[in-house]
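One structure is given here, and the rest of the page talks about it.
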Amino acid sequence: MAVSIEQLEAFVATEQAGSFSAAARKCGKAQSVISSLVSNLEVDLGVNLFDRSQRYPRLTDAGESLLERARNLIEQRERLMAIAQGLSLDVEARLTLAIAQHVRIKNLGGLFQEFETKYPNVQITLRAGSVQDVQTWVERDVAQLGIITQQEDVPTGYDFRALGHLKLTGVACAEHPIAQLTEVTWEDLKQYRQILLQEFEISSQTRWLVSPDVWSVSRVDDALDLVNANLGWAVLPLHVVAKGIAAKKLIQLPLVFEQEKELSHGVDIIWSSKRPLGPAATDLMKRLSTEDAILNKDQSL
């Protein structure tokens, strides 16, 4: 048995594209080549991967069983090549770190002071955007490293390490009716307008879409302004609202359906598994992931 990566790629591409001809277009090969690669793979494995009795090929039970394993082998090969390529590279001239706009890093200046001492000639760019922005920038090599909140479905094509947890809390202006309650239930939240970060609306945190009356905002600072103006309640990062809570301008909602006042959501640093990290990016990734790097309080307090 001499299974090749090219055969596995043809197998996976056919399943993704839905036909041998579509897979051929995707891979830039002739249809006969894709068909032969899959047929030879079936011979080498001793099983039929596709049922060809109808117009479009369909995975057999054996094909279903082997598909994910084929994907894993292709990904491992890509990672091996990326690591090997990275070992042969000199220190990169530029490095971009993209951070989800509602996440803050502890002592970012101190972190880069240490980094700059070791890599004085590396030009640094910091970018902020939505989780989807950060993923896109990393995918397109606009950013070599990205920091995002953990997603319900692990995105493919990325490697990642955990950085810690972002703490969130429910808040309202001190004058808001819901802030007068000693206990806040799910039904109480439904009675009043919700200021909802779009990140939560389209990410794995959709459980926080509660009220039928929602104002949706993309920037966390705008959400805070609306809450301070007594226009609704919100679930926001603790570091954003800590000063307002300390000054008693904001009230931390006593949610009876949660065990803790403060909720937590994991944060990861990601990079493309298809491209090597240079020495400087690798060093920065390790510095960030050696301890809990996420800021969860206002630094001025």
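Residues in the sequence shown are numbered consecutively from 1, following our numbering. Backbone N, C-alpha and C define an ideal beta-carbon position, used for all residues, glycine too. Owing to the predicted nature of the structure, the values given are computational and were not obtained by experimental measurement.
Practice prompt. Find the nearest neighbour of H265 within the set L238, A172, D222, judged by alpha-carbon distance.
Written response: Looking at the Cα atoms, L238 is the closest of the given residues.
Fill in: Endpoints, alpha helix (DSSP H) assigned at H239
238-246 is the span of the alpha helix (DSSP H), which, as asked, contains H239.
Worksheet item: Relative to the alpha-carbon of R104, which residue among I5, G164, Q144 has its alpha-carbon at the smallest distance?
Response: Closest by alpha carbon: G164.
Practice prompt. Could you tell me which of Q191, Q16, E116, L126 sits nearest to P212, measuring between CA atoms?
Written response: Ranking Q191, Q16, E116, L126 by Cα distance to P212 puts Q191 first.
Fill in: Within the region 138-178, ranges of the beta strand (DSSP E) (whole runs, at least 3 residues)
You should have 145-149, 158-173.
Worksheet item: Quick one: what's got a C-beta closer than 8 angstroms to Q123's C-beta in the same chain, skipping five residues either side?
Response: Leaving aside the five residues that flank Q123 on each side, the residues in its chain whose CB is nearer than 8 angstroms to its CB run, in chain order, A93, R94, L95.
Discussion item. Tell me the residue span of the alpha helix (DSSP H) that contains T331.
Written reply: Because residue 331 is not part of the residues shown, which for the chain are 1 to 301, the question remains open.
Worksheet item: Are at least three pairs of beta-carbons, each pair with one atom in the region 244-260 and one in the region 175-192, less than 8 angstroms apart?
Response: Taking 8 angstroms as the limit for Cβ pairs, the verdict is that the region 175-192 does touch the region 244-260.
Item to complete: State the Cα-Cα distance for the pair R23 and V3, rounded to the nearest angstrom.
Response: Note that residue 23 is Ala in the sequence shown here, rather than Arg. Spanning the two alpha carbons is a distance of roughly 19 angstroms.
Item to complete: Closer than 7 angstroms by C-beta to L301: which residues in its own chain qualify, once you throw out the five before and the five after it? Chain order, please.
Response: Because the pLDDT at L301 is just 47, under 50, the model does not fix this residue reliably, and the point stays unresolved.
Practice prompt. Please report the residue range of the beta strand (DSSP E) in which A100 lies.
Written response: Annotation for A100: the continuous beta strand (DSSP E) segment containing it runs 94-100.
Discussion item. Along the chain, where does the beta strand (DSSP E) containing T125 start, and where does it finish?
Written reply: Run containing T125: 123-129, per the beta strand (DSSP E) assignment.
Practice prompt. Please report the Cβ distance between L49 and V12, rounded to the nearest whole angstrom; I am assuming they are in contact, meaning their Cβ atoms lie under 8 angstroms.
Written response: Not a contact, Cβ separation roughly 10 angstroms.
Worksheet entry | Where the beta strand (DSSP E) through L255 begins and ends | Counting along the chain, L255 sits inside no beta strand (DSSP E), nor does DSSP assign it H or E at all.
Discussion item. At the level of alpha carbons, what is the spacing between E15 and C173?
Written reply: When rounded, the distance between both Cα atoms is 53 angstroms.
Discussion item. Measuring straight from C-alpha to C-alpha, what distance separates I99 and G146?
Written reply: Cα-Cα distance, rounded: 6 angstroms.
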